[in-house]
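Enquirer: Residue numbers (this note's numbering), protein chains in the order written: chain A, 10 to 76; chain B, 100 to 288.
Where a beta carbon is used, it is the ideal one built from N, C-alpha and C, also for glycine.
Below: one structure in structure tokens.
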Amino acid sequence: MNQFRVYCPFIGPFDPCPPIREKVYSTPPNLFLGFQPPGLPQFNAHEALKLGTLWPALYSPYPGKQT
Amino acid sequence: MWIYEKKLQYPVRVSKCDPMMARFLIEQYGGADGELSAALRYLNQRYTIPDQVIGLLTDIGTEEFAHLEMIATMVYKLTKDATVEQLKAAGLGAHYANHDRALFYNNAAGVPWTASYIQAKGDPIADLYEDIAAEEKARATYQWLIDMTDDVDLQDSLKFLREREVVHSQRFREAVDILIQDRNTKKFF
């Protein structure tokens with residue numbers, strides 16, 4: 010699932026700065042999972058340490074500001 | 100009581116000399132949504148929360164102290180070898196005047212930490228909803244911090260911390276689920 014949402018704010022004709030036309034915000038997987046069901050797939054230990062979670066279902070990469 | 104392991108929860112490597120980043124990172128040290136606030140909030144609320152979720156608050160509150168240590172390491176590494184001129188140029192002149200290179204619990208704007216950043220309402224749902232909000236705010240803070248540096252090693256540690264906020268939020272949401280379910284009631288369908 011795409012973990013980011015985009016909206017287009019109003020751009021006025023007399024705005025002083027060049028407009029940022031698309032605003033992006035994060036919607037990580039904890040918003041959708043509900044009570045975590047048993048038996049979900051797991052990362053191996055090394056990957057889990059690197060990524061910060063044991064669960065692919067909760068992994069939320071953050072590539073940096075999109076705009 | 101606690102048992103201390105003399106290592107960080109996740110490695111912290113800082114590859115770029117950037118004292119100004121220390122000034123921004125301090126938001127997660129002594130800011131309203133920082134790790135100190137988080138740890139003290141959860142470890143205090145746990146006394147007046149139903150038995151099923153006390154352990155969760157203990158575990159997450161303890162982990163927040165591990166995160167606090169990681170942030171402290173980042174700030175220390177970024178400032179320990181900075182000259183006074185570099186600190187002044189990085190906007191840390193006022194900090195140096197008061198603290199030398201010591202760390203202090205204040206936010207990125209230099210406002211000292213205060214207990215009014217945290218709440219203990221005694222109502223389990225109110226307290227857990229505050230905790231969920233705190234995790235989402237800390238996640239957002241980590242995003243903005245990641246955006247403010249191009250040091251990939253620092254970003255790596257910050258991304259780990261951001262992911263932990265996501266997991267903590269999930270667990271607090273599950274704690275609410277547990278408390279709102281009336282598990283002792285027989286259900287007839």
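By the three-class DSSP mapping on this structure, what secondary structure does Val33 of chain A have?
Expert: strand
Enquirer: If you draw a straight line from the C-alpha of Thr147 of chain B to the C-alpha of Glu229 of chain B, how long is it?
Expert: 15 Å
Enquirer: Please list the segments of the alpha helix (DSSP H) lying wholly inside the region 163-200 of chain B, counting only runs of 4 or more residues, in order along the chain.
Expert: 183-188, 192-198
Enquirer: Is Phe52 of chain A close to chain B? Criterion is C-beta to C-beta, closer than 8 Å.
Expert: no
Enquirer: Along chain B, in chain order, which residues have C-beta atoms closer than 8 Å to that of Pro37 of chain A?
Expert: Arg238, Val265, Ser268
Enquirer: Would you mind reading off the limits of the beta strand (DSSP E) that contains Tyr241 of chain B?
Expert: That residue, Tyr241 of chain B, is in no beta strand (DSSP E); its alpha helix (DSSP H) goes 223-246.
Enquirer: For Lys32 of chain A, would you say it is in contact with chain B, using Cβ-to-Cβ distances shorter than 8 Å as the test?
Expert: The beta carbon of Lys32 of chain A sits no closer than 8 Å to any beta carbon of chain B.
Enquirer: Residues of chain B with CB under 7 Å from Phe44 of chain A, in chain order?
Expert: Glu273, Asp276
Enquirer: Provide the residue(s) that pair with Asn205 of chain B in DSSP beta bridges, ordered along the chain.
Expert: According to DSSP, which records beta bridges pairwise, Asn205 of chain B is partnered with B:Pro211.
Enquirer: With 16 other CB atoms within 10 Å as the buried threshold, where does Arg145 of chain B fall?
Expert: With 16 or more other Cβ atoms within 10 Å, it is buried.
Enquirer: Within 8 Å (strictly less), CB to CB, does Lys115 of chain B reach chain A?
Expert: no
Enquirer: In angstroms with no decimal places, state the Cα-to-Cα distance between Thr161 of chain B and Glu184 of chain B.
Expert: 37 Å
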